[in-house]
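Down below is the structure, laid out as structure tokens.
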Ligand SMILES: [Zn+2]
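Numbering (my numbering), first residue to last: 24 to 447.
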């Protein structure tokens with residue numbers, strides 16, 4: 024007599040749990056239709072009609088895969104799959120479906136469709152994990168990590184007033200996609216309900232491709248500090264003021280730009296420092312600039328490294344100010360992101376999952392921000408990177424091969440299975 028019992032595979036069998044390249048390619052192509060731009064990418068900015076259409080498509084895939092779907096009050100789409108033990112915390116994984124204006128087809132989309140691919144694989148293999156699984160599509164990632172801010176209870180009332188690229192305020196946008204900005208508390212998740220969060224994402228840089236590595240195991244998401252730097256000199260006649268009597272704010276600023284670059288390179292490590300904006304006043308060919316306002320941005324995985332670079336920049340600025348007869352002041356902007364390290368246990372699980380599939384790996388930081396950095400405040404996070412061709416991102420030229428996307432989704436699936444089996 025043949026007994027049909029649910030099959031609970033042993034670990035060795037997980038080798039067959041692999042992503043389907045055709046399905047991934049087709050779904051990436053389908054999702055790219057929503058907000059398609061003439062350059063071949065997407066402009067699917069959060070809270071636009073295209074965003075709503077894209078979300079509808081993803082939701083339909085979730086429902087077809089048997090997930091119980093809900094939209095929380097922050098507009099995050101959550102698809103739930105029961106586990107063998109409903110009392111266990113969920114394994115959460117996903118990314119975002121919105122893009123920057125004139126963006127590409129892979130940023131965020133891969134993480135969402137890769138997460139769905141994991142569900143498809145489990146369905147095909149008729150496998151029920153011990154932990155409940157949840158696929159999450161965070162709302163408005165590109166506009167300021169709106170959905171993940173809300174998930175950790177840190178979406179401020181002030182943020183709701185900010186106008187998004189869609190033309191709607193974030194508050195209006197949340198309502199537009201089915202959320203309720205008046206009840207954001209309900210979107211808040213607790214540490215007890217989440218075992219871990221995984222996010223699969225394109226690298227958005229060129230390291231993996233150049234080094235011919237399959238999978239990036241993310242060490243953490245860098246912290247970002249930004250300052251407004253004001254250089255005050257004295258605006259005067261460019262023809263009548265001798266060179267040795269000038270207080271040229273732009274000259275001082277130029278020296279500081281050079282110095283910022285030099286300092287960031289002179290310290291061992293992977294810190295980066297950038298002056299990306301500069302404005303000189305009064306801004307005329309025949310006037311010595313009296314005032315310059317410029318930006319300073321420093322990123323690193325360690326807060327202490329950011330502090331170290333900034334201290335050196337400040338010291339250098341003092342000397343430049345003395346030499347040029349100017350004053351230089353720094354005002355910290357309130358756009359700071361603290362470094363979010365990934366969980367070492369999850370890094371190891373991702374590493375083993377990739378190695379088990381015969382893929383090469385590299386430990387690397389994420390220089391770009393992700394929803395995972397918010398979730399790190401309430402749960403251990405793990406991030407998987409796959410190569411971006413040419414290191415291009417936030418552009419219609421953004422591209423990741425089907426084979427790399429498939430690898431990423433397979434690693435995600437294997438990592439989830441390993442975590443489910445062994446716990447943390
Ligand atoms: Zn992204």
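Glycine residues also receive a C-beta, built at the ideal position from the N, C-alpha and C atoms.
Top-ranked residue by Cα proximity to residue i, from the options
i	options	result
residue 341	319, 384, 254	254
residue 305	330, 335, 261, 339	261
residue 217	268, 140, 158	158
residue 257	351, 393, 416	351
residue 436	164, 139, 315	139
residue 205	427, 111, 412, 181	181
residue 348	269, 332, 242, 74	269
residue 130	197, 226, 178, 193	226
residue 294	389, 126, 339, 420	389
residue 71	297, 190, 240	190
residue 246	300, 233, 320	320
residue 37	406, 386, 400, 379	379
residue 402	203, 54, 368	368
residue 291	328, 317, 301	328
Nearest-angstrom Cα separation, counted from residue j out to residue i
i	j	result
residue 156	residue 284	45 Å
residue 113	residue 173	18 Å
residue 89	residue 231	35 Å
residue 82	residue 272	55 Å
residue 391	residue 323	11 Å
residue 330	residue 198	39 Å
residue 377	residue 336	40 Å
residue 412	residue 372	26 Å
residue 240	residue 118	16 Å
residue 279	residue 184	36 Å
residue 308	residue 264	14 Å
residue 116	residue 310	57 Å
residue 333	residue 80	46 Å
residue 34	residue 137	Bear in mind that a pLDDT of 49 at residue 34, under 50, signals an unreliable position, so the number given afterwards is only what the model happens to contain. So the two alpha carbons sit approximately 21 Å from each other.
residue 53	residue 103	23 Å
residue 510	residue 64	Not covered by the structure: residue 510. The range shown for the chain is 24 to 447.
Strand pairing of residue i, partner residues [DSSP]
i	result
residue 224	408
residue 219	114
residue 386	240
residue 93	101
residue 352	253
residue 302	316
residue 159	101, 117
residue 295	322
Residues of its chain near residue i, where Cβ-Cβ distance is below 7 Å and the 5 sequence neighbours each way are ignored
i	result
residue 356	249, 250, 251
residue 210	95, 96, 97, 99, 173, 174
residue 275	254, 256, 343, 344, 347, 349, 351
residue 178	97, 169, 172, 207
residue 42	140, 144, 429, 432, 433, 436
Residue range of the unbroken beta strand (DSSP E) whose run includes residue i
i	result
residue 323	314-323
residue 249	246-255
residue 199	Premise fails: residue 199 lies in the alpha helix (DSSP H), 193-199, not in any beta strand (DSSP E).
residue 365	Counting along the chain, residue 365 falls outside any beta strand (DSSP E), and DSSP gives it neither H nor E.
Sequence-distant residues of the same chain with beta carbon closer than 6 Å to residue i, five excluded per side
i	result
residue 165	121, 123
residue 237	382, 383, 430
residue 188	68, 124
residue 339	282
residue 353	250, 252
residue 228	414
residue 364	243
residue 259	311
heavy atom of ligand 2 below 7 Å from residue i C-beta
i	result
residue 172	With respect to ligand 2, the structure shown offers nothing to examine, as its ligands consist of ligand 1.
Continuous alpha helix (DSSP H) stretch holding residue i: start and end
i	result
residue 178	No alpha helix (DSSP H) contains residue 178, which DSSP labels as neither H nor E.
residue 345	326-347
residue 428	425-445
residue 208	No alpha helix (DSSP H) contains residue 208, which DSSP labels as neither H nor E.
residue 285	272-289
residue 80	72-87
residue 233	230-234
Own chain partners of residue i with C-beta closer than 8 Å, once the 5 adjacent residues on each side are dropped
i	result
residue 28	Summary for residue 28: the model assigns pLDDT 49, below 50, so the residue's position carries little reliability; its value from the coordinates is reported in the next sentence. So the list is empty, once near-sequence residues are dropped.
residue 235	383
residue 303	272, 273, 276, 312, 314, 315
residue 78	100, 120, 160, 200
residue 439	114, 116, 141, 152, 156, 221
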